[in-house]
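Single-structure report; data block below.
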Amino acid sequence: MADAHARIVSLLGDQAAELLGYQAKGINKDELHLPGPAFVDRVVAHTDRSPQVMRNYQAILNHGRLAGTGYVSILPVDQGIEHSAGASFASNPIYFDPENIVKLAIEGGCNAVATTLGVLGSVSRLYAHKIPFLVKLNHNELLTYPNHFDQIMFASVGQAYDLGATAVGATIYFGSEGSDRQIMEVSEAFRRAHELGMVTVLWCYLRNDGFKKDNIDYHAAADLTGQANHLGVTIEADIIKQKLPTNNGGYKAIGFGKTDERIYTELTPADHPIELTRYQVANCYMGRSPLINSGGASKGDSDLAEAVHTAVINKRAGGMGLISGRKAFQRPMKDGVELLNTIQDVYLDTEITVA
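Position 5, counted from 1, in the sequence shown is what numbering that gives the first Met the number 0 calls 4; the numbers after and before it change by one each time, with no gaps.
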């Protein structure tokens with residue numbers, strides 16, 4: 000791993016010392032339920048989840064290059080609906096074929112592949128026994144004109160179970176006009192998924208034009224995303240997916256809801272990305288429902304460095320891993336595999352520890 004560590008340091012560039020040497024000053028790591036080889040025995044076994052859910056959770060943790068570490072690397076490809084298939088796959092048309100999506104996840108050493116009912120259903124008998132399937136149940140479609148932004152159900156939990164899924168996922172746009180309905184729909188879907196023994200993963204995203212103030216976007220503010228995470232674990236999401244925080248103080252800037260000054264002085268005493276992400280983890284019941292962060296959009300040559308940057312912050316904050324799609328599939332498969340493997344190298348690197 001020495002060569003891999005040196006490469007990670009090189010990719011971090013002038014941020015290497017600040018990210019790898021930082022020690023958290025807010026929420027202490029000893030208060031967290033951290034990922035690890037025995038996470039299911041140590042944390043999940045104390046919940047109301049059934050033995051079937053525990054088995055499937057362990058199956059995810061035992062797959063791919065990160066098997067046995069307690070960390071996860073997941074390939075998500077729902078952009079064919081969320082961002083349109085043409086816009087998502089024009090740069091690499093092989094991914095119009097669902098089989099190549101699953102192949103990328105397998106070749107890339109991922110713990111699971113997260114994508115649509117149609118993609119996984121089309122190759123279910125070829126691959127359901129070769130890599131854990133995570134069916135994304137709801138989507139925001141962009142063919143309506145003018146565009147509206149709402150998560151609607153495209154699949155049922157029963158359909159996910161029938162095609163051999165290990166887990167289901169969903170998005171809630173907290174703060175949006177449709178959030179009340181989405182919360183009820185997803186809560187019911189997650190209840191049924193647990194009855195059938197599947198793991199539940201929630202994309203806890205914010206969407207409200209009012210979350211922008213004075214040309215600053217607070218959709219990724221630590222205090223607001225932290226509360227979104229807390230709502231997500233309330234409906235028993237087993238894993239929380241969230242965007243990496245980019246700022247803080249959303250409640251104060253927008254002037255709504257309830258907050259406490261100690262969030263900004265004691266719990267996140269510095270606007271350091273590890274402190275802000277640690278606050279996200281804390282809102283996931285101190286890590287009982289682990290946090291995985293989004294890999295973000297593909298920006299070209301900087302993708303590899305950005306992916307490593309996000310993975311280091313997530314790991315050192317106490318998160319469980321990364322879910323990275325566009326950075327991987329919007330490039331040749333060989334390069335996508337390299338990017339996924341480099342992300343995984345961060346979690347395999349024993350020199351990179353929780354801050």
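All residues carry an ideal CB built from backbone N, CA and C; glycine is no exception.
Computed from a predicted structure; not experimentally measured.
Task: Beta-bridge pairing of S297 - partner residues as DSSP gives them - done: Beta-bridge pairing links S297 to no other residue.
Open item on the list: Relative to the C-alpha of A327, which candidate in Q14, A281, C109 and M53 has its C-alpha closest?
Closed with: C109
Task: Same chain, Cβ closer than 8 angstroms to R325, neighbours up to 5 away in sequence not counted - done: Q78, S87, G294, G295, A296 and S297
- [ ] Classify L116 as helix, strand or coil using the three-state DSSP reduction.
- [x] helix
- [ ] Have a look at the DSSP bridge pairing and note the partners of Q241.
- [x] N292
Open item on the list: I need the DSSP call for I7, collapsed to helix, strand or coil.
Closed with: helix
Open item on the list: Once DSSP output is grouped into helix, strand and coil, what is the label at D216?
Closed with: strand
Task: Candidates A111, S72, S121 and E106, of which the one nearest F95 by Cα - done: S121
Open item on the list: Quick check: the Cα distance between N61 and V101, rounded to an integer number of angstroms?
Closed with: 18 angstroms
Task: Under 7 angstroms between C-beta atoms of G177 and D222 - done: no
- [ ] Please confirm whether L243 and T170 have their CB atoms less than 7 angstroms apart.
- [x] no
Open item on the list: Measuring only the C-alpha atoms, how far is V167 from K314?
Closed with: 24 angstroms
Open item on the list: Is I342 close to chain D? Criterion is C-beta to C-beta, closer than 7 angstroms.
Closed with: No chain D appears in this structure, which consists of one protein chain only.
Open item on the list: Our contact map puts I291 next to K240 with C-beta atoms below 8 angstroms; I'd like the distance itself, whole angstroms only.
Closed with: 5 angstroms
- [ ] Could you tell me whether the Cβ atoms of L201 and A236 are closer together than 7 angstroms?
- [x] yes
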